[in-house]
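Q: Here it is, the structure in full.
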């Protein structure tokens, strides 16, 4: 059995960081689309507040999604680092 498959089946290789990256891109796309829709709706109805809200969502929401994803990935990076430390101290 290949080593990478063995690591995956024994949960030494995590799948969740890849899923979090996919969720980041999907979340950013949804936020951008929602921001554009709100912006266009605000401009077409001549409401400055709606257009401004759309611009804020267009800029701030993908940043918020990125921060959330980075916090989730942080736990997996900490796990990898602690595993490396454990492996190095056992030698």
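In the working numbering, the protein residues as written are -9 to 81.
Built from N, CA and C at the ideal position, the CB exists for glycine as well.
1) Out of curiosity, what's the CA-to-CA distance linking residue 8 and residue 36?
2) Under 9 Å between the Cβ atoms of residue 21 and residue 41?
3) According to the Cβ coordinates, are residue 25 and residue 57 closer than 9 Å?
4) How would you label residue 75, buried or exposed, when you count the other beta carbons within 10 angstroms and need 16 or more for buried?
5) Residues in the same chain with beta-carbon distance under 6 Å from residue 2, minus the five sequence neighbours each way, listed in chain order, please.
A: From the atom records:
1) 42 Å
2) Using a Cβ distance threshold of 9 Å, residue 21 and residue 41 do not count as a contacting pair.
3) no
4) exposed
5) Here the set comprises nothing.
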